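Read through the structure below, which is laid out as C-alpha cells, and then see the notes.
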Amino acid sequence: MCWHTMSLTKFLKRKLLALRHENGESVCTLYGNCPLKVSSHDSGSIVSFNLKRPDGSWFGHREVEKLASLYGIQLRTGCFCNPGACAKYLGLSHSDLLSNLEAGHVCWDDNDVINGKPTGAVRVSFGYMSTYEDAKKFIDFIRSSFISMPSEFEKRYLLRSKSIPCPTEGFEDRLPSSACHLKSITIYPIKSCAGFSVNSWPLSNTDLKGLFTILPVNAGLQYDREWLLKSLTGEILTQKKVPEMFLIKTFINLNQQILSVESPYCKRKLQIKLDSDSYLPGKEEFYLQNQRYEVQCYENEINQWFSDAVGQPCSLVRCCQSEYCFSLNKNRSMGMCRDVNSKVNFANEAQFLLISEESVSDLNNRLCSIFSVSFHMFRKSYPGMSKCVPDTETQKLSCGAPPNVNPMRFRPNLVISGGEPYAEDGWRNLRIGNTYFSSLGGCNRCQMINFYQQTGQVKKTNEPLATLASYRRVKGKILFGILLRYDPGNKARLDTNSWLKVGDEVHPNSE
1 MCWHTMSLTK FLKRKLLALR HENGESVCTL YGNCPLKVSS HDSGSIVSFN
51 LKRPDGSWFG HREVEKLASL YGIQLRTGCF CNPGACAKYL GLSHSDLLSN
101 LEAGHVCWDD NDVINGKPTG AVRVSFGYMS TYEDAKKFID FIRSSFISMP
151 SEFEKRYLLR SKSIPCPTEG FEDRLPSSAC HLKSITIYPI KSCAGFSVNS
201 WPLSNTDLKG LFTILPVNAG LQYDREWLLK SLTGEILTQK KVPEMFLIKT
251 FINLNQQILS VESPYCKRKL QIKLDSDSYL PGKEEFYLQN QRYEVQCYEN
301 EINQWFSDAV GQPCSLVRCC QSEYCFSLNK NRSMGMCRDV NSKVNFANEA
351 QFLLISEESV SDLNNRLCSI FSVSFHMFRK SYPGMSKCVP DTETQKLSCG
401 APPNVNPMRF RPNLVISGGE PYAEDGWRNL RIGNTYFSSL GGCNRCQMIN
451 FYQQTGQVKK TNEPLATLAS YRRVKGKILF GILLRYDPGN KARLDTNSWL
501 KVGDEVHPNS E
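Numbering (UniProt numbering), first residue to last: 1 to 511.
Here it is as C-alpha cells:
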C-alpha cells in the first residue's frame, strides 16, 4: 500500500510543479522536507502546497477548499495542526504570528491570506483506495479553477475595506435611469434560523410610537440576529453544522413584545417575552470573530425546547452588549468587510445584507443555461427514463439542484427591485426612503447558500455557489450582494423616518 500511495504522491507533485500561468510563472509551491525531490522514496502519502496567481500573490487555502468541495473533492486545509511547522514552511515570523492573532485569525476562519502571506496550506492525502484518476481529476480542477484569465467582473470590481462618507444631499441628481425600490425586509432574530418578512420595521432603539429618539451613531434592524444557539462546549451552532436550524421559524410581535419560535421537531410553539423574566441571574462573556459579547442566558425549559429542535443539547443566549476588540495592528488590508465600527449583534460581517432581484434573475438565467445542457445530456444518456419523469423533475434529478433560486436563499435583510444586474457592486452609498447607508463591499458567499428546503427537509446541492464561482470570484472571494452600514449623515436625531418600509425608493450613489 505504501508503494501505491507514494507513486500517487510523486505523480501529483510532478504534475503540480509543471503547472504554469500564461506569463510563465509557476502555479504551485510545495512544502515538506524534500518538496522538490519528487523521486524520494520517503515522500509519504500527503502533498502539502499553496497556489499562486500570475502576479505572485497567493490563492488562499480556504478558497481552494471551497471550490474543491463543489467538484466533490475533499481536502484538508489549514496550519497542519502544528503552529511551529506552519510558521517554518510558510515563512511566518514571530511578529507575523502575533499580528495574525491580534487581527482575529483563528483556526477554520476565512482569513487565509493576511498582509500578503498565507496563514495555512492545502493538503492532498492519498489512501489505499485512491487512484490515478483521482489525482488527474484534481489536476484538472486546478487547471480549470486557478489557471485562467480573470473575469471582466474581477477586473473592474474594487473591493472596499473602508466605507465612504455618505452625503445627505445631491442623491436626486445622480439617480440611475431605471429606478429601484425596496421589495422586501427580512429579520433573522436567531442566528442561522429562518427569518420573517415584514412590510415595515424600525432600526435599533427607535421609539415604536414614532417619538423623537436619539440613536447610536450606527443602528441595524431591531432584534436582527440578537440571539444565537451554542453547544454545551460553547461552540456556536450554525446551519453549516446543524442544518435543522433552517427549519426553526421565528416571528416577533412588536406590539406584544414576544418572540415566537416553532419547529417541526417540537409539538408546541415557544413564546419568549422580549423583556423576559426567564433569564438566568448574571451575565456571561464570550468572544466571536474577535468581538467581545456580553450575553444573557435562558432557563432550562427554553434551552430544552431548542435542544429538541436541533437534536443536540444547546442553550439560547441573547446579546446585551458587543464591543470589537481592536488589535495593535490597525491595518485592515486583509480585505475583510467586517463592520468593526457598529453594533452588529451576532451577524457575521455587517448590519445589513442587500440583494438585487435583477442580479438574482441574471444568476437564474445562467443556471437555466447550465441545467438545459445537463438535461439534454441526461436525455441522450437515459432516453427511457426521461419519458417516464416530467421534465422539471428529471432536470432536478439529473442536475441535483432546483433550477430556480429565490432571493431568500441568500438570507438578505433587504431585497431591492429595479435597475441593472450587479449595479450594486459599484454603489458607494445609498438612500432608502429617508435613511442613509454606506456600502462596505461585496458579501463573500459560502456553502450555506446551497442549502434549500423541500417537503420539510433540508437538502444541499452544488448550486448556486458553483455557478457564482465561475463568474463572481474576486481575490479568493465569491461575491454576491453587498454589505451595508447605517449612516445618519448630518442627522443626530431621527423620527419616524428611522423605519424602513417596503416600497421605499432606493437612491444609489456610485461617485
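C-beta: ideal position from N, C-alpha, C; glycine also.
These numbers come from a predicted model, not from an experiment.
Residue interval of the alpha helix (DSSP H) (run including residue i)
i: residue 84; result: 83–90
i: residue 507; result: Unbroken run through residue 507 is the beta strand (DSSP E), 505–509; no alpha helix (DSSP H).
i: residue 2; result: 2–18
i: residue 233; result: Residue 233 -> no alpha helix (DSSP H), and no H or E assigned at all.
i: residue 97; result: 94–102
Cα-Cα separation, residue i to residue j
i: residue 129; j: residue 71; result: 19 angstroms
i: residue 311; j: residue 259; result: 21 angstroms
i: residue 118; j: residue 253; result: 47 angstroms
i: residue 90; j: residue 47; result: 15 angstroms
i: residue 233; j: residue 314; result: 9 angstroms
i: residue 283; j: residue 316; result: 13 angstroms
i: residue 199; j: residue 500; result: 8 angstroms
i: residue 451; j: residue 194; result: 12 angstroms
i: residue 486; j: residue 4; result: 58 angstroms
i: residue 227; j: residue 134; result: 43 angstroms
i: residue 12; j: residue 412; result: 41 angstroms
i: residue 16; j: residue 139; result: 7 angstroms
i: residue 479; j: residue 248; result: 27 angstroms
i: residue 185; j: residue 246; result: 18 angstroms
i: residue 505; j: residue 432; result: 6 angstroms
i: residue 442; j: residue 351; result: 13 angstroms
i: residue 482; j: residue 54; result: 28 angstroms
i: residue 145; j: residue 438; result: 33 angstroms
i: residue 14; j: residue 23; result: 20 angstroms
i: residue 503; j: residue 182; result: 5 angstroms
i: residue 444; j: residue 355; result: 13 angstroms
i: residue 476; j: residue 203; result: 33 angstroms
i: residue 440; j: residue 353; result: 10 angstroms
i: residue 349; j: residue 188; result: 14 angstroms
i: residue 121; j: residue 49; result: 6 angstroms
i: residue 347; j: residue 291; result: 11 angstroms
i: residue 52; j: residue 359; result: 30 angstroms
i: residue 20; j: residue 305; result: 56 angstroms
i: residue 308; j: residue 107; result: 29 angstroms
i: residue 61; j: residue 268; result: 44 angstroms
i: residue 45; j: residue 180; result: 55 angstroms
i: residue 251; j: residue 261; result: 7 angstroms
Simplified DSSP state of residue i, which is helix, strand or coil
i: residue 53; result: coil
i: residue 79; result: coil
i: residue 360; result: helix
i: residue 202; result: strand
i: residue 439; result: strand
i: residue 315; result: strand
i: residue 185; result: strand
i: residue 145; result: helix
i: residue 73; result: coil
i: residue 475; result: coil
i: residue 191; result: coil
i: residue 369; result: helix
i: residue 467; result: helix
i: residue 32; result: coil
i: residue 445; result: coil
i: residue 62; result: helix
i: residue 132; result: helix
i: residue 217; result: Residue placement at residue 217 is poorly supported in this model, since its pLDDT is 40, which falls under 50; the coordinates still yield a value, given next. Correct three-state label for residue 217: coil.
First and last residue of the uninterrupted beta strand (DSSP E) at residue i
i: residue 121; result: 121–125
i: residue 223; result: No beta strand (DSSP E) holds residue 223; DSSP gives it neither H nor E.
i: residue 454; result: 451–454
i: residue 499; result: 499–501
i: residue 351; result: Element bounds for residue 351: n/a, residue is neither H nor E.
i: residue 411; result: It is not in any beta strand (DSSP E) - residue 411 carries neither H nor E in the DSSP assignment.
i: residue 429; result: 429–432
i: residue 458; result: 457–460
Below-8 angstroms beta-carbon distance, residue i vs any chain D residue
i: residue 201; result: Looking for chain D here will not work: only one protein chain is present.
Task: Inter-stretch contact at 8 angstroms, needing at least 3 Cβ pairs: the stretch 91–98 / the stretch 501–510 - done: Verdict: no, contact absent.
Open item on the list: Suppose only complete runs of 4+ residues qualify. What are the alpha helix (DSSP H) ranges in the stretch 235–309, listed by chain order?
Closed with: Within the stretch 235–309, no complete alpha helix (DSSP H) run reaches 4 residues.
TODO: Assess, as a yes-or-no matter, whether the stretch 419–433 is touched by the stretch 454–465 under the definition of 3 or more beta carbon pairs within less than 8 angstroms.
DONE: The stretch 454–465 and the stretch 419–433 do not touch, with fewer than 3 CB-CB distances between them shorter than 8 angstroms.
Open item on the list: Would the stretch 61–76 count as touching the stretch 8–28 if we require 3 or more Cβ pairs under 8 angstroms?
Closed with: Contact between the stretch 61–76 and the stretch 8–28 is absent, with fewer than three C-beta pairs closer than 8 angstroms.
Task: the stretch 267–276 in contact with the stretch 239–257 per 3-pair CB rule at 8 angstroms - done: Output reads yes: the stretch 239–257 touches the stretch 267–276.
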